[in-house]
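Asker: If you read the sequence shown in the UniProt record's numbering, its first letter stands for residue 1, the second for the next number, and so on.
C-beta: ideal position from N, C-alpha, C; glycine also.
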Amino acid sequence: MRVSYIISGEEQLDIAEAVCKIDEIFHTKEIIFRGGGTLNWSMLHDDQCDEVNIIMMPVADREKYTHSLFEADENYSTPLSIGFPLTSVEPLQDGSVWMCYGVNGPVDAATP
Numbered sequence: 001m002r003v004s005y006i007i008s009g010e011e012q013l014d015i016a017e018a019v020c021k022i023d024e025i026f027h028t029k030e031i032i033f034r035g036g037g038t039l040n041w042s043m044l045h046d047d048q049c050d051e052v053n054i055i056m057m058p059v060a061d062r063e064k065y066t067h068s069l070f071e072a073d074e075n076y077s078t079p080l081s082i083g084f085p086l087t088s089v090e091p092l093q094d095g096s097v098w099m100c101y102g103v104n105g106p107v108d109a110a111t112p
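(1) Leaving out five residues before and five after residue 49 in sequence, what residues of the same chain have Cβ atoms less than 7 Å from its Cβ?
(2) Can you tell me which residues form a DSSP beta bridge with residue 53?
(3) Does residue 19 come out as helix, strand or coil in the three-state DSSP assignment?
(4) Have a look at 66, 91, 93, 101 and flag the residue whose alpha-carbon is nearest the alpha-carbon of residue 82.
(5) Count the other C-beta atoms from every protein chain shown that fall within 10 angstroms of the C-beta of residue 41, then say buried if there are 16 or more, exposed otherwise.
(6) Take residue 59 as the anchor and find which of 37, 96, 69 has the nearest alpha-carbon.
(7) Going by Cα to Cα distance, which pick from 78, 53, 79, 9 is closest to residue 88?
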């Protein structure tokens, strides 16, 4: 099995550099991240995300403690509000809804 890895950053991860290296090594302009809330937030916070896709499924899991789509780790980044303009909505055959959003960047948290 061939496993690729990238080292990026001296003290902590440099996401912009990592994305640049991924492009250089794999010759790709589009990356899909399916990480947890911390990775998702890091990509967004470091301006490496231009689109967010969410599939809302009509189910409930009874979980008491759930994770957020975006989670800022206070040790590594500053929390801020980021806006998402809706670009498309598509109902799926199983009753789910696929929502696609652009990324506006930082916004005033008091603005709806």
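Answerer: The structure says:
(1) Start at 1 with the first residue of the sequence shown, and residue 49 comes out as number 49. Cβ within range, chain order: 43, 103.
(2) Residue 53 sits at position 53 when you count from the first residue of the sequence shown. Residue 53 is bridged to 100.
(3) Here the question's residue 19 lines up with position 19 in the sequence shown. Residue 19: helix per DSSP, three-state reduction.
(4) Numbered from 1 along the sequence shown, position 82 holds the residue referred to as residue 82. Of the listed residues, the one whose Cα sits closest to residue 82 is 101.
(5) For the purposes of this step, residue 41 is taken as the residue at position 41 of the sequence shown. Result: buried.
(6) Numbered from its first residue, the sequence shown carries residue 59 at position 59. Cα-wise, what sits closest to residue 59 is 96.
(7) Residue numbering aside, residue 88 sits at position 88 when the sequence shown is read from its first letter. From the listed residues 78, 53, 79, 9, the smallest Cα separation to residue 88 is found for 53.
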